[in-house]
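Beneath this line is the structure, given in structure tokens, with notes to follow.
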Amino acid sequence: MNTLPAPLTVLAVLPLLLAGCATTGNVISDWGEITLAPGDTGVCHSNPCRVFFQMPPGTGTYTLRGRAFPIGEYPAGNTAMIGSFFESSVIEIVGTDLPKTYLTVPESGGDAR
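Per mature numbering (1 follows the signal peptide of the UniProt record, and there is no 0): the sequence shown = residues -24 to -1, 1 to 89.
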């Protein structure tokens, strides 16, 4: 009997384990849509997942960046709808020392052959 976890299972859980060590915020879990703030770890149980982000207080705007792409610029102090995510991402507020936000989105159900 094989007692080692399957490699895909380990890869799916790894971002959550790493994010738990790297953030100082809350762990948020929901289906369909999720509202996150700097430092949060979010687990969305749907794909796609509509993501809202609580921008930090201040004046002007902040620029959000995903793992490999710019997300956009949003007003300080507001909750912004930043889009529908089809994959996990790390969200950072460019030019600040605020903690990164980690979002986990399940792989989309495809044709399993």
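Glycine residues also receive a C-beta, built at the ideal position from the N, C-alpha and C atoms.
One question on the structure: do residue i and residue j come within less than 8 Å of each other, judged by their Cβ atoms?
| i | j | result |
| --- | --- | --- |
| residue 36 | residue 52 | yes |
| residue 48 | residue 65 | no |
| residue 67 | residue 29 | yes |
| residue 21 | residue 82 | yes |
So residue i packs on residue j, CB below 8 Å; how close in whole Å?
| i | j | result |
| --- | --- | --- |
| residue 23 | residue 62 | 6 Å |
| residue 78 | residue 8 | Not quite, the Cβ-Cβ distance comes to about 19 Å (not below 8 Å), so this is no contact. |
Here's a check: name, in chain order, each residue in its chain whose Cβ is nearer than 8 Å to the Cβ of residue i, leaving out the five neighbours to either side.
| i | result |
| --- | --- |
| residue 34 | 52, 53 |
Please state the DSSP three-state secondary structure of residue i.
| i | result |
| --- | --- |
| residue 57 | strand |
| residue 73 | coil |
| residue 83 | coil |
| residue 43 | coil |
| residue 11 | strand |
| residue 32 | coil |
| residue 1 | coil |
| residue 89 | Caution applies to residue 89, whose pLDDT of 45 falls short of 50 and renders its modelled position unreliable; the model cannot decide the point. |
| residue 24 | coil |
| residue 63 | coil |
| residue 16 | coil |
Counting only the same chain and skipping the five closest in sequence on each side, list residues whose C-beta sits under 6 Å from that of residue i.
| i | result |
| --- | --- |
| residue 72 | none |
| residue 70 | 39, 41 |
| residue 84 | 23 |
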